[in-house]
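Here the structure is laid out as structure tokens; the discussion comes afterwards.
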Amino acid sequence: MKNIVVLDAATMRGDLLRPTFSHCWTSYELTRTEEEAVARTKDAHILITNKVKISADVIAAAGQLELIAVAATGVDIVDLDACRARRVMVCNVRNYATRSVAEHVLALIFSLARGVTEHHCRTMAGEWVASNVFSPNMGAIFSVKNMQLGIVGAGTLGRATAELAESVGMRIVYAYRNSNANQREKKDGLQRLLLPELLAESDVVSLHCPLTPQTHGLIGAKELALMKPTALLINTARGALVESQALVDALNSGQLGGAGIDVLSQEPPSNEPLLSCHHPRLLITPHVGWASTEALRTFHQQLAENLECFHAGKPQHVVT
């Protein structure tokens, strides 16, 4: 019988689907420390984790461990070298939230461009009631048609966002990965610009790149200064791609038209400058771009399938 341990069920929105093969299931709502992770996984054959880091020490202490099923696409929480050394397989879930994230990006763009939240707040504050005309001017409204959307990150999520944006008339450009644009990127058929050019020319910039040492703080004061004063910045990727205080300063100074943020450097946030910013066209959502009802259904099904396939000797979505 396989011992299956879930380390952070509270992050996975709903009851996980249990596999059909014989097993013992132990589920923890949250695991907050490495010491807890070591104690809880020492007898596990299969480990399910979303955000709990699985270090070499955790892996070393879990003498029976065969599989780490990451309940996310990114696997940076797992020490993959330690897994290879111990021959512990790692799998993940993939492409379950592609449409959900793309729709969230478009929702943020539309809401910011049309001032939906700003108009709502000013209406609820009594400005419409106090107006002497039927349609008071409570903030600019822009059409997204013919806006240029600059996408940083041409992977699955970036391209899905581009497809949806094109359907409403936006023009798409992508950023080169670095200033030394390589030949493969030149031949991939996508219209690309170097990042400084993309920032300067785009009406909306949407981030879809992974967080790496090279992309940490990718958008700071220098980059924001390149953008149009009417431009919008959208981040549904990773919070640390953007320097929060620089973004607050750009918004408050009128250097930037607005921002839609679904991710922060620390989640849940603590001492986050953006949460103290009251710019009328700053929208912050609590990392929910991935979590449509349809995406969650696919997420749960795929995670369960990963366990079933591994047990059947036909593993899928293998990372290492």
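All the letters of the sequence shown, read from the start, carry residue numbers 149 to 468 under the numbering used here. Don't be surprised by glycine CBs; every beta carbon is placed ideally from N, CA and C.
- Using a C-beta cut-off of 8 Å, the region 250-257 makes no contact with the region 445-454, since fewer than three inter-stretch Cβ pairs fall below that distance.
- Pairing residue 319 with residue 295, the inter-Cα distance amounts to about 6 Å.
- Here residue 407 carries a strand assignment [DSSP, helix/strand/coil].
- By the C-beta criterion, the region 300-310 is judged not to be in contact with the region 266-283, since fewer than 3 inter-stretch pairs fall below 8 Å.
- By the criterion of a C-beta distance shorter than 8 Å, residue 374 is surrounded in its chain by 344, 347 and 348, once the five residues flanking it on both sides are discounted.
- Contact between residue 463 and residue 237 holds, since their C-beta atoms are separated by about 6 Å, short of 8 Å.
- Taking C-alpha positions only, residue 248 is separated from residue 365 by approximately 25 Å.
- When only Cα atoms are considered, residue 177 and residue 381 end up about 34 Å apart.
- Residue 324 is not a Cβ neighbour of residue 339, given a cutoff of 8 Å.
- In this structure residue 371 is not in contact with residue 392, their Cβ atoms being roughly 13 Å apart against a cut-off of 8 Å.
- Excluding residues up to 5 positions away in sequence, 202, 216, 218 and 238 lie with their Cβ nearer than 7 Å to the Cβ of residue 226 in the same chain.
- Look at the region 305-331 and you find these whole runs of beta strand (DSSP E), each 3 residues long or longer: 319-323.
- The beta carbon of residue 436 sits closer than 8 Å to those of 252 and 410, all from its chain and outside the five residues before and after it, given in chain order.
- Annotated three-state conformation of residue 452 is helix, per DSSP.
- A direct Cα-to-Cα measurement between residue 337 and residue 205 gives close to 45 Å.
- Residue 466 is classed as exposed because its beta carbon has fewer than 16 other beta carbons within 10 Å across all chains shown.
- The C-beta distance from residue 399 to residue 354 rounds to 17 Å, too long to fall under 8 Å, and the pair is not in contact.
- Here residue 277 is exposed. Its C-beta has fewer than 16 other C-beta atoms within 10 Å.
- Cα atoms of residue 422 and residue 390: separation of roughly 11 Å, rounded to the nearest angstrom.
- For residue 354, the uninterrupted beta strand (DSSP E) run begins and ends at 352-355, by DSSP.
- When secondary structure is reduced to three states using DSSP, residue 207 falls in the helix class.
- In the DSSP assignment, residue 340 is bridged to 322.
- Beta-bridge analysis with DSSP links residue 346 to no other residue.
- Residue burial annotation: residue 383 is buried, with at least 16 other C-beta atoms found within 10 angstroms of its C-beta.
- Put simply, of 293, 302, 233 and 299 the residue whose alpha carbon is nearest the alpha carbon of residue 315 is 293.
- Proximity to residue 194 across 224, 229 and 151 peaks at 151, based on C-alpha coordinates.
- The C-alpha of residue 387 is placed about 14 Å away from the C-alpha of residue 300.
- Restricted to the region 156-206, the alpha helix (DSSP H) segments that are unbroken, complete and at least 4 residues in length are 182-189, listed in chain order.
- Note: residue 217 is bridge-paired with 196 and 239 in the DSSP secondary-structure output.
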